[in-house]
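Asker:
There are 2 protein chains.
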Amino acid sequence: MSSKPLSALVPERCADAASDNSGCRPVAAVDEASRAAANRRLDMLTKPQGALGRLEPLAAQVCAVSRTLHPTIAQPVALVFAGDHGVADRGVSAYPRVVTAQMVMNFLAGGAAISVLAKAQGIDLWIVDAGIEADLPVHPRLIDAKVRRSTRDMVVEPAMTSEECERALQLGAKVVAEVISPASNTVLLGEMGIGNTASAALLMHGLTGVPLDDCVGRGTGLDDRGLARKKAVLATAWARRAPPQSPSELLSEFGGCEIAMLTGAALAAASRGMLVLVDGFTVTVAVALAAQLDRHVLDYCVFAHCSAEHAHRALLAHLGVEPLLNLDMRLGEGTGAAMALPLVRAAIALLTEMATFEDAGVSGRAA
Amino acid sequence: MSSKPLSALVPERCADAASDNSGCRPVAAVDEASRAAANRRLDMLTKPQGALGRLEPLAAQVCAVSRTLHPTIAQPVALVFAGDHGVADRGVSAYPRVVTAQMVMNFLAGGAAISVLAKAQGIDLWIVDAGIEADLPVHPRLIDAKVRRSTRDMVVEPAMTSEECERALQLGAKVVAEVISPASNTVLLGEMGIGNTASAALLMHGLTGVPLDDCVGRGTGLDDRGLARKKAVLATAWARRAPPQSPSELLSEFGGCEIAMLTGAALAAASRGMLVLVDGFTVTVAVALAAQLDRHVLDYCVFAHCSAEHAHRALLAHLGVEPLLNLDMRLGEGTGAAMALPLVRAAIALLTEMATFEDAGVSGRAA
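Chains A and B are the protein sequences, given in the same order. So that you can map any letter, position 198 of the first sequence is 198 in the numbering used here, and since no number is skipped, the others follow by simple counting. So that you can map any letter, position 296 of the second sequence is 296 in the numbering used here, and since no number is skipped, the others follow by simple counting.
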């Protein structure tokens with residue numbers, strides 16, 4: 001067994017990219033003609049107009065992303081980016097930092113929630129070491145893309161240098177380019193990193209202007225005292241310097257390797273025309289940053305669920321998007337995204353397999 | 001091809017039944033020991049306690065219903081009960097009455113939403129003619145259990161005689177007993193019947209005391225004028241007589257053949273120990289009536305979704321239950337129940353396949 005190798009970073013791949021969008025080709029607009037055709041077809045199917053609720057715009061979005069009226073979910077891949085956080089030693093999480101590596105081993109062994117859901121739903125699961133503190137044994141499902149061993153403590157210094165942050169963004173894109181088969185058209189984005197909701201809270205604050213306290217939640221399960229400590233630690237970190245002026249600066253000051261890599265991965269997946277299933281709070285923050293770098297990204301994203309993590313609902317509202325599921329999940333790993341995949345598959349099946357009123361000889365509305 | 005035959009009603013099958021619970025064996029309490037064991041196991045799995053949100057009590061409920069810590073969804077069956085309503089000619093629906101039979105033909109031909117979802121998810125789909133106006137051609141997936149050709153117009157007389165209503169309740173139980181294989185442990189309940197949200201609104205009003213106007217919604221898509229007409233028609237129907245004093249009386253006055261049959265089917269499925277996936281507003285009304293007849297029924301029910309039909313949320317709140325999905329669907333047919341099945345399967349997989357902290361060597365919470 002060996003870990004999946006990545007080729008050395010090849011800067012020329014990014015030669016035609018805009019300077020601040022992290023090495024990806026620009027993201028094309030989705031195909032509004034396919035969306036319109038899907039909506040026309042949905043209105044002809046044997047059901048009252050709109051009666052399939054959220055499944056109708058979902059099916060139409062998949063058509064817009066796939067640029068066809070006959071979309072499929074082909075070879076879905078889950079990428080779980082994992083990294084450690086210097087700030088985790090300040091008691092901002094209910095779990096010790098060592099759990100990041102332990103859970104990655106659990107993902108690989110098949111015992112974690114995302115492992116179970118991926119297996120059950122035919123999702124090809126890859127774990128990416130974006131910046132785990134520990135050395136991990138090689139494994140055919142583990143991708144070594146370690147930017148550094150854990151971020152620095154953002155209370156006293158930038159979490160990453162700007163070079164490390166740029167490298168993380170590019171590696172995220174590279175993972176998409178090299179790990180995902182061209183035959184795959186759907187990616188689920190997940191994360192694992194003890195302390196990463198602390199990073200995500202600061203990123204959300206910097207990105208949206210929502211008051212910092214409203215961006216901070218209990219993560220894996222802090223009690224009231226822990227939550228107060230987390231808020232205090234993050235306020236101190238934020239006050240360390242003048243507010244960052246760009247997504248890249250924000251990410252290097254307060255981000256995590258896995259979060260930056262998720263941002264790069266979202267950009268790359270969208271530029272490749274893939275459907276992107278967005279998991280919980282931390283992944284949504286990474287995608288929101290990606291949308292700052294390229295506004296078309298959001299059109300490729302399905303926001304799978306609203307997490308129980310405090311700030312996720314406000315962030316989704318800020319983005320103007322509606323999550324599909326509200327199951328009070330707060331696990332990360334891509335589990336919310338995995339739960340939404342059957343809904344996407346169902347929406348596609350309904351669009352493509354239902355009969356029209358004309359086919360079925362069913363009467364329309366009464367006069 | 002022939003329709004699935006039902007044996008003649010055999011009253012002695014019901015000899016040991018309580019007089020008002022429609023020919024079913026009493027429903028046993030679910031197994032709280034299995035629920036408790038499931039909750040203990042959930043707390044040992046490699047995730048923060050409660051981090052799987054609603055999936056955790058769902059998995060525990062399935063254990064309680066199945067009386068095991070190792071449940072499965074075996075041979076799920078969808079029963080879609082269809083009937084016509086005399087009141088439909090009074091403009092309480094956006095569609096003409098003939099659509100009930102047309103849609104049943106569409107179910108059988110595979111073109112309807114429930115046909116597509118059942119096929120995609122391995123659900124065995126049966127359609128039951130509970131009281132369709134038209135004669136239907138025989139079909140191997142169509143069960144002839146017609147109580148009468150459409151109900152009477154409840155504005156001027158009881159929708160069913162008490163004998164017809166009793167027969168519908170018993171036939172619902174009989175369909176469960178004779179159509180569903182003993183190897184199946186999960187049933188999805190759905191309905192089709194132009195005008196049946198009008199019936200359901202009056203039943204909800206009689207059952208809950210919620211003001212009638214708040215029980216009335218747009219059904220398949222009435223406009224404001226249609227909604228006002230529906231409310232007026234139902235107020236007239238309700239004022240025809242003194243309020244019914246029992247679930248059976250309520251059903252025969254204002255019910256539909258398919259609704260009464262759903263009530264009988266829910267009782268029979270629960271008494272057989274099956275997991276019952278409850279679809280939208282009309283099915284929830286039928287289940288609420290079943291719960292009046294035997295209070296244990298609700299413990300077997302998973303409330304799949306909250307429909308966009310106006311009153312469904314209030315009815316679910318009245319029952320003290322939380323739906324799994326909120327997708328603004330309002331189609332009926334069992335489509336909401338079918339959308340929830342993957343969530344139930346996922347909850348079971350997580351409970352039974354995830355590693356514990358001890359198995360995986362993952363550290364617990366920080367001190």
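Idealized CB from N, CA, C, for every residue including glycine.
Just checking: is the beta-carbon of B/M354 within a distance shorter than 7 Å of some beta-carbon in chain A?
Answerer: yes
Asker: What residue ranges within the region 92–126 of chain B form continuous alpha helix (DSSP H) runs of no fewer than 4 residues, ordered along the chain?
Answerer: Here the runs fully enclosed are 99–109 and 113–121.
Asker: Run through chain A and tell me which residues come within less than 9 Å of B/G334, C-beta to C-beta.
Answerer: Within chain A, no residue comes near B/G334; the closest Cβ sits about 13 Å away, beyond 9 Å.
Asker: Please classify B/V80: does DSSP put it in a helix, a strand, or coil?
Answerer: strand
Asker: Taking the beta carbon of A/E178 as the centre, do at least 16 other beta carbons fall within 10 Å, making it buried, or is it exposed?
Answerer: exposed
Asker: So, is the C-beta of B/Q61 closer than 7 Å to a C-beta in chain A?
Answerer: no
Asker: The beta strand (DSSP E) spanning B/G226 covers which residue range?
Answerer: No beta strand (DSSP E) contains B/G226, which is instead part of the alpha helix (DSSP H) from D224 to A239.
Asker: Answer yes or no: does any C-beta atom of chain B fall closer than 7 Å to that of A/T208?
Answerer: no
Asker: Alpha carbon to alpha carbon, what distance is there between A/S93 and A/R225?
Answerer: 11 Å
Asker: Within a Cβ cutoff of 6 Å, which residues of the same chain sit near B/V104, ignoring the five residues on either side of it in sequence?
Answerer: A82 and I127
Asker: Using a Cβ-Cβ distance under 7 Å, would B/T46 count as near chain A?
Answerer: With 7 Å as the cut-off, B/T46 counts as an interface residue toward chain A.
Asker: At 9 Å on the CB atoms, spell out the chain B contacts of A/T220, in chain order.
Answerer: The contacting residues are K47, P48, A51 and R365.
Asker: To the nearest angstrom, how far is it from the Cα of A/S66 to the Cα of A/I73?
Answerer: 10 Å
Asker: Going by beta carbon distance, what residues of the same chain come within less than 8 Å of B/R97, once the five residues before and after it are set aside?
Answerer: The residues are D84, H85, A88, D89, E133, S150, I194 and G195.
Asker: Chain A beta carbons: is any one of them nearer than 7 Å to that of B/G280?
Answerer: no
Asker: For A/M339, return the contacting residues in chain B, with the cut-off set at a CB-CB distance below 9 Å.
Answerer: The answer, in chain order, is L55, P342, L343 and A346.
Asker: Quick check on the burial criterion: 16 or more other C-beta atoms within 10 angstroms. Buried or exposed for A/Q61?
Answerer: buried
Asker: So the alpha helix (DSSP H) B/I259 belongs to, where does it begin and stop?
Answerer: C257 to S271
Asker: By how many angstroms is the C-alpha of B/H312 removed from the C-alpha of B/H318?
Answerer: 10 Å
Asker: Just to confirm the assignment: which complete beta strand (DSSP E) runs, minimum length 3, are found wholly within the region 276–314 of chain A?
Answerer: The region 276–314 of chain A is shown to contain whole beta strand (DSSP E) runs of 3 or more residues at 301–303, in chain order.
Asker: In the DSSP assignment, find the unbroken alpha helix (DSSP H) run with B/M192 in it and report its ends.
Answerer: It is not in any alpha helix (DSSP H) - B/M192 instead sits in the beta strand (DSSP E) that spans T186 to M192.
Asker: If we cut at 7 Å on Cβ distances, does A/M329 have a partner in chain B?
Answerer: yes
Asker: Would you give the residue range spanned by the beta strand (DSSP E) that B/L142 belongs to?
Answerer: L142 to D144
Asker: According to DSSP, simplified to helix, strand and coil, what is B/G336?
Answerer: helix
Asker: Beta-carbon of B/G111 versus every beta-carbon of chain A: anything under 7 Å?
Answerer: yes
Asker: Mind reading off the beta-carbon distance from A/G255 to A/L203? Whole number of angstroms is fine, and I expect it under 8 Å.
Answerer: 6 Å
Asker: Look up B/L45 in the DSSP assignment and give the residues it is bridged to.
Answerer: B/T356
Asker: Taking A/L42 and A/L351 to be in contact with their CB atoms under 8 Å, please state how far apart those CB atoms are, rounded to whole angstroms.
Answerer: 6 Å
Asker: Given that a residue counts as buried once 16 or more other Cβ atoms are within 10 Å of its Cβ, and exposed if not, what is B/V156?
Answerer: exposed
Asker: To which residues of the same chain is B/G91 closer than 7 Å at the C-beta, ignoring the five residues directly before and after it?
Answerer: G226 and R229
Asker: With distances taken Cα to Cα, identify the nearest neighbour of B/A439 among B/V302, B/P211 and B/A51.
Answerer: Shown here, chain B extends from 1 to 367; a query on residue 439 of chain B therefore has no answer.
Asker: Assuming B/V30 and B/A64 form a contact by the criterion Cβ under 8 Å, report the distance between their Cβ atoms to the nearest whole angstrom.
Answerer: 4 Å
Asker: Apart from the five residues on each side of it in sequence, which residues of its chain come closer than 8 Å, Cβ to Cβ, to A/M376?
Answerer: This structure cannot settle anything about residue 376 of chain A, because the visible part of chain A is limited to 1 through 367.
Asker: Can you tell me whether A/P11 is buried or exposed, with buried defined as 16 or more other CB within 10 angstroms of its CB?
Answerer: Residue placement at A/P11 is poorly supported in this model, since its pLDDT is 36, which falls under 50; the coordinates are not used for a value here.
Asker: Is B/A346 helix, strand or coil when you go by DSSP?
Answerer: helix
Asker: Distance cutoff 7 Å, beta carbons only. Does B/A120 sit that close to anything in chain A?
Answerer: yes
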